[in-house]
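Scroll down for the structure; my scribbles are underneath it.
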Amino acid sequence: MKLLKGTKINSILTGSCPVCQNESMYSVQNPYKVTSTLTMEEQCSHCNTKYQIEPSFFFGAMYVSYPVGLIFGGFSLFLSYIVLELSLLTSYIILILFMLLCLPIILRLSRNIWINIFMKYDKSKAE
Numbered sequence: 191m192k193l194l195k196g197t198k199i200n201s202i203l204t205g206s207c208p209v210c211q212n213e214s215m216y217s218v219q220n221p222y223k224v225t226s227t228l229t230m231e232e233q234c235s236h237c238n239t240k241y242q243i244e245p246s247f248f249f250g251a252m253y254v255s256y257p258v259g260l261i262f263g264g265f266s267l268f269l270s271y272i273v274l275e276l277s278l279l280t281s282y283i284i285l286i287l288f289m290l291l292c293l294p295i296i297l298r299l300s301r302n303i304w305i306n307i308f309m310k311y312d313k314s315k316a317e
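What the sequence shown shows, in my numbering, is residues 191 to 317, in sequence order.
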């Protein structure tokens, strides 16, 4: 990901600080540790960026999680129903299981997108 350093795509995909991109915003790297999927650091220890701009800031990520979930679900349905030509019921069951498995990733990805809407990379703070 060094090639994308300094872009919003890097910060969104890696979950790194949107300002300096030197460390992760999340306390636990593994999103599948269910008790700490959304546990975030208060601020970046490198550039001191505060992640929660205002109280309940990440409630806005709900609006982002809907289209992100649609993309994941659409991909699953397309792959199972159109490409593999499975029955509609089988495709629906695969869709539900796939969405449940991807839920932690969708939640983190939507938070990453949400915070990157409001913050931008600062090269001077990255060094």
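By construction, the Cβ of each residue, glycine as well, lies at the ideal position given by its N, Cα and C atoms.
The structure presented is a predicted model; accordingly, all values stated were derived computationally and were not measured.
Candidates E232, Y253, C237, T227: which alpha carbon is nearest P245's? E232
So, with DSSP's three-state summary, where would you put S235? coil
Okay, do the stretch 247-256 and the stretch 282-289 touch, 3+ Cβ pairs below 8 Å being the bar? no
For V224, which of L203, E317, I295, G205 has the nearest alpha-carbon? I295
Name, in chain order, the residues that DSSP records as bridge partners for M230. Y216
Please state whether the Cβ-Cβ distance between S217 and S226 is less than 8 Å. yes
If contacts are defined as beta-carbon pairs under 8 Å, then Y271 and L278 qualify, I think. What distance do you get, rounded to the angstrom? 7 Å
Give me whichever residues DSSP pairs with K240 in a beta bridge. Q233
Output the boundary residues of the alpha helix (DSSP H) element that contains V209. It is not in any alpha helix (DSSP H) - V209 carries neither H nor E in the DSSP assignment.
In angstroms, rounded to a whole number, what distance separates the CA positions of N220 and Y241? 19 Å
On a Cα-Cα basis, can you pick out the residue from V209, K198, C292 that is closest to E317? V209
Beta-carbon contacts of R298 that lie in its chain and below 8 Å, excluding the five residues immediately before and after: G205, Y216, P221, T227, L228
When you compare the CB positions of N302 and S201, do they come within less than 8 Å of one another, or not? yes
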